[in-house]
Each structure stands twice: as C-alpha cells, then as structure tokens.
Amino acid sequence: MPLILMCGYPCSGKSRRAHELRDHFTENTDRKVHTVGDEELEVDRNSVYADSQSEKNLRGALRSEVERSLCFPGYRYELFCLIKHAQTPHCLVYCLTSADLSSEWNKERKEGCQYSQEILDALILRFEAPDSRNRWDSPLFTIQKDDALPFEAISDAIFKRKAPPPNQSTQSQPLSSTNFLYELDKVTQDILMAVLDSQKTSVPGDFIAIPGATERISFCQLTRSLNMAELRKLRRQFISYTKMHPTENIGQIANMFVQYLNKSMH
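The opening position of the sequence shown corresponds to residue 3 in the working numbering, with each subsequent residue numbered one higher.
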C-alpha cells in the first residue's frame, strides 16, 4: 500500500487536499483509501499541542495508524523509515501557505475545530519546510492556495515508481544470536548509568561523550534531570523495538541507543 504524506502549516489545506486525493482515487480506481490524521482521531488540538507529552502521544498514535495501514507489525523521516521497511512507494504533498493565510483559514473553522492563536503560532514556528533534496521528502509536490492537485503525477509517483530499497537500519533480521541480546542488555544498561552519572555535573546545553559510542548525549532540551525510572522506561522501549528490528552490526547498538535517547529525552 503506497503512502502519501501531507505536510504544511496548520490550516494550510492539508485535510482538504487529502480528501480531494481520497475522492479521486476512490472514484477513478478500484483501490481502497485510508486517511490518517488528528481529525480522524477526534483530538482537542489546543490541549494536545499545548503539551509536549500529549503531542508526542498523538504522534505515536498517528504513527501506529500508519503502521496498521501499511500492514506491518517508529516526523517525516520516521515515516520514511517505515516506508523503506514496508518497501512501498510514497510521495509528499506540501500545502504551501503564508502564516497569515493559515491564521485566516483557522478563524473560518467551526469553533471546536479552531486552534488558539498561541498554539497556531507555535506550530508554524516549529514547522520545517520539506526539501526535495532529502530522500524522505522526495518526490515532492508543492501545492499553493489556488493550484489544482496534479492527480496523474501523484498517481504515477505512488503506483508506477519503485519502492525505496530496504537497508540495514530498516530491515528486520531474525533474532538468531544470543550474543546480540546480551550486548543489547549490557550496552543499554552501561549507557543508562553513564547518563545518570553525567547529570550530576552537567547543565542544559552540554554534550556528553558515551563510552563505546561516537554519538554524544545532548542535554540541550532538558530542563531537569531524568530519574532512574524515566530512563529505565526509555531503555525498555528501545529494547522492545530493537528486538523486533535487530541490527546485524552489534557495534552500532550504542549509537542507536544514544540517538533514541536524544530524540526521547525532554
């Protein structure tokens, strides 16, 4: 099942364009279309996007919905990894608007569907525009307010183009090595202890070297120290995911865990 990713500012027309694509493929092909978004999950946008943990939980729920739709048991780059794992074509539709236009469209929504201006401004500030030079942002279709969707080009991109080849980081390998499980347990535990020790003398903004890893732990986003319970939870999540998607290169476990911590700690 190919995947079309929609991106753009809040209230930039992503839902409208997604519905146009859904209607086009439903009416002109015999293919079934699944739409995934916060609209389908019926969330309160203002409360969700005002809290970093709630937003993280929402993105996890959306990611899980994409996983189920792609039919295999991991923002754009993460979904690209899922795409490579599933070996399915994809494309990205970028709904390009100005901040002022998005704000205007937001005010035209029903009261319960509007973003507060504070949340809207914060989401716009955080948005990173796609770049077709990035493999996870390509092929890219940029759509402005009055543009018609290029249905045929999008159709060709997802139905006539080869899927991106899987690589070591996205292919699942059978768990055949007890040494892998041993190293996974030992390396993650050692890194956990190193992080705990580093927090005693580090301040936000520090980068901490980790034995056995070329990547460094970043404390840039931390406003407080993480306790053992929080770190153990992150370790359990990483181990659970890595058991499902083990790497053939055991030497990369340390770097993988450091990258995971940097993305997950806040």
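Where is the CB? At the ideal position from N, CA and C, for every residue including glycine.
Just so you know, these numbers come straight off a predicted model, no measurement behind them.
Please look up how many angstroms separate the CB atoms of residue i and residue j, rounded, as I've assumed it's under 8 Å.
| i | j | result |
| --- | --- | --- |
| residue 11 | residue 101 | 7 Å |
| residue 48 | residue 118 | 5 Å |
| residue 189 | residue 255 | 5 Å |
| residue 19 | residue 236 | That pair is no contact at about 36 Å. |
| residue 64 | residue 38 | 6 Å |
| residue 97 | residue 16 | 5 Å |
| residue 122 | residue 104 | 7 Å |
| residue 81 | residue 68 | 6 Å |
| residue 99 | residue 58 | Incorrect: roughly 25 Å between the Cβ atoms, too far for contact. |
Where does the unbroken beta strand (DSSP E) through residue i begin, and where does it stop?
| i | result |
| --- | --- |
| residue 209 | 209–211 |
| residue 94 | 92–97 |
| residue 218 | 218–220 |
Judging by CA-CA distance, which residue of the options is the nearest neighbour of residue i?
| i | options | result |
| --- | --- | --- |
| residue 164 | 193, 92 and 126 | 92 |
| residue 110 | 34, 41, 14 and 235 | 14 |
| residue 186 | 39, 264 and 258 | 258 |
| residue 8 | 249, 143 and 229 | 143 |
| residue 3 | 106, 96 and 161 | 161 |
| residue 183 | 21, 152 and 238 | 238 |
| residue 215 | 145, 253, 127 and 83 | 253 |
| residue 220 | 244, 260 and 231 | 260 |
| residue 135 | 106, 5, 152 and 94 | 94 |
| residue 112 | 131, 46, 166 and 148 | 46 |
| residue 41 | 21, 31 and 32 | 21 |
| residue 194 | 248, 130 and 212 | 212 |
| residue 137 | 83, 145 and 120 | 83 |
| residue 232 | 247, 266, 251 and 203 | 266 |
| residue 218 | 6, 234 and 200 | 200 |
| residue 191 | 131, 166 and 234 | 234 |
I'd like the span of the alpha helix (DSSP H) that includes residue i, first residue to last.
| i | result |
| --- | --- |
| residue 229 | No alpha helix (DSSP H) contains residue 229, which DSSP labels as neither H nor E. |
| residue 251 | No alpha helix (DSSP H) holds residue 251; DSSP gives it neither H nor E. |
| residue 101 | 101–109 |
Please go through the stretch 8–87 and give each complete alpha helix (DSSP H) segment of 4 or more residues, from N-terminal end onward. 16–30, 40–43, 47–51 and 54–72
Could you pull out every unbroken alpha helix (DSSP H) segment of at least 4 residues lying fully inside the stretch 119–159, listed in chain order? 119–128
Decide if the stretch 23–31 is in contact with the stretch 147–158; the criterion is three or more beta carbon pairs, one per stretch, under 8 Å apart. yes
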